[in-house]
Amino acid sequence: MPDTPAYADFTGKRSAHYVAAPHTATIVNLAIRLGRPLLVEGEAGCGKTRLASAIAEELGVGLTVMTVKSTSQAKDLLYRFDALRRLQDAQDPANTSARQVFPYIELEPLGHAIREGQPQVVLIDEVDKADIDFPNDLLDVLDRFEFDIEDLPRTEDDACRAARGHGRHVAGPEGGVRPIVLITSNREKQLPEPFLRRCLYVQLDFPANDPAMLAEIVRKNLAARAETISDELITGAVERLCRIRERGRELGMQKLPATSELVDWVRVLHWQGRKAEAMSVDALDAVDQAVLFKIRQDIERYRARTDAEAGR
Amino acid sequence: MTHPLPPLLLGLFRELKANGVPVGIRDYLDGIEALRLGFGQDSRAALRDLAIALWSRSDEERRVINRWFDVLPAPDDALAATIDDQLDRLDTTASEPTGAPTAPTARPTAQPGAGTTPAPATSLSPEATATQAERARVSFAAAREGSGLPIPRLASAPAIDEDYVLTPQPLVSPRDMAVLWRRYRRSTRHGPRTEMDLAATLRERCRRGLLCRPVCRPHRSNSARLLILADASPSMDPWRPFLATLAESLPLGRLARAEVRYFSNQPRRQLYATPGLTEPETRDDVLRRHAGAALLVVSDAGSARGALNRRRALQTADFLNEARRHFPATVWLNPMPKRRWAGTTAGLIADGPVPMLPVDAPHLLRAIDILRGNK
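Chains as they are written, first to last, in my numbering: chain A, 472 to 783; chain B, 37 to 411.
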């Protein structure tokens with residue numbers, strides 16, 4: 472354990488466009504200090520993915536993003552073996568490079584991050600989209616931050632090291648720094664227990680009972696886009712969004728509007744030149760609905776409710 | 037060497053272990069390390085947050101930790117004040133806080149008061165006990181001897197600040213079920229030729245001296261097919277979540293073709309596409325469509341009710357006889373405990389050629405094994 476920590480403390484407030492709750496910042500720091508991956512869960516639109524860029528921005532380190540697809544395999548994050556190009560090259564008898572495997576192996580972002588051992592943030596986005604075996608395959612890599620290139624024959628270990636600087640076994644340099652690993656999940660699939668045990672866990676909630684923080688989030692997001700919006704509009708929109716969420720929860724909506732919807736809504740209100748007083752929770756027009764709600768049933772339920780109340 | 041966990045967290049750690057939370061040595065060491073680094077030192081709430089971040093991965097585990105902290109006796113203010121005083125003096129005299137690792141670890145030790153492992157029930161203050169006495173907890177007891185369905189009962193011990201804690205534990209999680217389905221494999225090469233056949237390509241290359249194009253072969257894929265017939269009658273209500281798990285996990289199982297059809301009490305002329313018994317289809321059509329697949333029947337076969345209905349028993353036997361003509365492997369899963377089968381249709385079926393298994397992890401594994409053809 473080095474005496475001087477490789478990473479500064481994350482406060483969650485210094486990023487230009489992101490505000491993290493103090494509780495979240497503490498857990499992020501804990502994950503950094505303990506060298507454990509951090510699993511981030513929470514409602515869609517609450518800034519799971521952007522937490523990673525905020526950490527990278529605040530700590531002044533690089534960010535590597537890997538978005539997981541349904542066909543992703545753990546290996547794809549580490550390296551790629553271009554077998555097709557090798558086959559093509561092998562057609563040419565004069566081409567000697569095809570006799571070896573290592574020229575056709577490229578490290579992928581996570582592989583690079585492990586080999587470099589530089590301070591940086593690695594984001595594995597939407598880990599639950601992949602197959603259920605995917606997290607299990609990643610376990611060992613995230614635990615030890617080293618891996619083997621299984622497609623590379625052992626006989627080419629030295630040749631590869633000479634040419635590429637890494638052998639069949641890839642690990643960080645002596646005294647290197649572990650990257651900060653963030654993993655986001657939407658809980659579409661259950662994650663395996665051993666995987667959950669390896670990670671620290673943080674749940675990002677919509678800060679419904681902290682309007683000041685919400686206003687701050689909106690302000691930061693819009694400031695980054697160089698838009699100046701009056702404070703009344705922001706506080707008015709925040710207050711109304713909280714009420715819409717409350718009502719949505721009563722109605723059992725599937726997808727409640729969250730932070731990203733709030734930011735979009737404030738921008739829309741600003742473009743339309745509407746005033747905070749003119750907004751009513753009961754009379755959302757088509758544009759508002761389009762911005763705030765994402766599922767048809769939700770819109771219909773909300774409309775039915777407001778109609779019923781207006782008729783009463 | 038590192039210092040051990042302070043008694044407060046050690047007690048919590050033991051509590052978690054006792055509750056079956058799989059925390060390990062690494063979690064223990066991380067706890068020590070986190071305390072050493074100064075996390076969770078500010079207040080008891082901070083310590084709780086630390087414990088939750090480190091050791092809990094589900095709501096249930098979070099609740100265990102919260103409960104643990106809730107029943108801790110309130111720290112003695114006078115004692116806490118003197119300790120704070122002492123610590124402040126320590127901080128001012130020792131210029132390097134990292135040089136004195138005893139200071140941070142001593143603090144959470146001292147806070148709970150006398151550093152003893154707290155005894156929850158006895159150490160409550162009187163007013164706290166009074167408010168809790170009004171509360172009661174309803175919990176679903178497990179199916180006991182002689183009782184069929186789980187019955188709600190009032191727990192004798194009042195809950196701590198949490199009323200009506202009902203935490204249904206699934207028989208099998210969808211994930212585990214999907215893993216089980218994947219064991220049911222029949223790997224064959226089928227479909228368009230998309231995968232390069234290396235051996236054949238090399239042979240071709242040697243034969244002609246020049247490679248025109250790689251030789252391809254079809255991908256290896258799972259050709260296992262499965263039909264699940266699930267009982268959606270009221271007697272199966274306690275296992276509705278299990279049926280939902282079956283249906284939910286099936287698409288993850290990578291089977292060539294898999295379908296769930298529902299029936300009520302026994303498979304009659306019609307089978308239904310939904311657990312609400314809508315969208316009917318004739319039984320013969322379904323069986324013909326899935327001929328050659330494996331058949332999994334999930335039903336209590338009258339054992340929840342607990343008496344033999346002769347007519348139903350005969351019809352069920354007829355159905356199984358017919359099914360054996362279409363399906364090479366059939367397994368019957370009966371979620372009722374095995375001792376309740378005797379004297380019902382279930383008992384008759386279990387004695388017959390179709391294997392009937394209870395629903396638990398080892399038997400589910402066995403069921404998949406039988407479906408694969410290992411009788």
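Yeah, the Cβ is synthetic: ideal placement off N, Cα and C, and Gly gets one too.
Bear in mind the structure is a predicted one, so any value in this text is a computation, not a measurement.
Is there at least one Cβ from chain A nearer than 8 Å to residue i's Cβ?
i	result
Ala70(B)	yes
Asp233(B)	no
Phe75(B)	yes
Pro58(B)	yes
Asp66(B)	yes
Gly135(B)	Because Gly135(B) sits at a pLDDT of 40, beneath the cut-off of 50, its placement in the model cannot be relied upon, and the following sentence gives the value as read from the coordinates. No, no contact with chain A.
Leaving out five residues on either side along the sequence, give the residues of the same chain with a beta carbon under 8 Å from the beta carbon of residue i.
i	result
Ser568(A)	Asp560 and Pro574
Gly409(B)	Pro364 and Ala365
Gln725(A)	Ile766, Gln768 and Asp769
Thr535(A)	Pro580, Leu581, His583, Ala584, Gln591, Val592, Val593, Leu594 and Pro650
Glu315(B)	Tyr308 and Ala309
Leu45(B)	Gly67, Leu71, Leu83, Ala87 and Pro144
So, at 6 Å on beta carbons, what are the nonlocal neighbours of residue i in its own chain, with the 5 sequence-adjacent residues on each side left out?
i	result
Ala525(A)	Ser486 and Tyr489
Ala117(B)	none
Ser543(A)	Ala601
Arg711(A)	Met750 and Val752
Tyr220(B)	Ala260, Ile404, Leu407 and Arg408
How is residue i classed by DSSP in three states: helix, strand or coil?
i	result
Val598(A)	helix
Phe618(A)	strand
Glu231(B)	strand
Leu609(A)	helix
His494(A)	helix
Glu664(A)	helix
Leu207(B)	coil
Leu510(A)	strand
His224(B)	The sequence as given places Thr at residue 224(B); His does not occur at that position. Strand, per DSSP.
Ser731(A)	helix
Glu577(A)	strand
Ile688(A)	helix
Glu295(B)	strand
Tyr308(B)	strand
Pro682(A)	helix
Arg720(A)	helix
Ala642(A)	strand
Thr626(A)	helix
Val752(A)	coil
Leu693(A)	helix
Please confirm whether residue i has its beta-carbon closer than 8 Å to some beta-carbon of chain B.
i	result
Ile654(A)	no
Gln796(A)	Because chain A in this structure spans residues 472 to 783, residue 796(A) falls outside the shown range and cannot be described.
Ile603(A)	yes
Pro663(A)	yes
Gln589(A)	no
Gln562(A)	yes
Which same chain residues, not among the five before or five after residue i, have their C-beta less than 7 Å away from its C-beta?
i	result
Leu685(A)	Pro678, Val709 and Leu733
Cys670(A)	Arg507, Pro508, Leu509, Leu510 and Ile654
Lys660(A)	Asp599 and Ile603
Find the residues of chain C that neighbour residue i, judging by a C-beta separation of less than 7 Å, and give them in chain order.
i	result
Gln559(A)	Note that chain C does not occur in the displayed structure, where the protein chains are A and B.
Using a Cβ-Cβ cutoff of 9 Å, what residues of the stretch 665-688 of chain A are near chain B? List them in chain order.
Pro665, Leu667, Arg668, Arg669, Cys670, Leu671, Tyr672 and Val673
According to a CB-to-CB cut-off of less than 9 Å, which residues of the stretch 81-99 of chain B neighbour chain A?
Ala82, Asp85, Leu86, Ile88, Ala89, Leu90, Ser92, Arg93 and Ser94
Every unbroken beta strand (DSSP E) inside the stretch 259-293 of chain B [3 residues or more]:
261-267
Which residues, in chain order, does the stretch 490-511 of chain A contribute to contact with chain B at a C-beta distance below 8 Å?
His494, Thr497, Ile498, Asn500, Leu501, Arg504, Leu505 and Arg507
Residues within the stretch 202-228 of chain B neighbouring chain A, beta-carbon criterion of under 8 Å:
Ser209, Pro210, Arg211, Ala214 and Val215
Counting only Cβ-Cβ distances shorter than 9 Å, please list the residues of the stretch 233-255 of chain B near chain A, keeping chain order.
Thr237, Leu246, Leu247 and Pro250
Beta carbons nearer than 8 Å to chain A: which residues of the stretch 283-305 of chain B have them?
Leu288
Could you name each continuous beta strand (DSSP E) segment of 3 residues or more that falls completely within the stretch 313-399 of chain B, going from the start of the chain to the end?
316-318, 330-334, 365-370 and 392-394
Note down, one range per segment and in chain order, each alpha helix (DSSP H) of at least 4 residues found wholly within the stretch 525-569 of chain A.
545-549 and 554-561
In chain order, each alpha helix (DSSP H) run of at least 4 residues that lies wholly inside the stretch 77-128 of chain B
80-91 and 95-106
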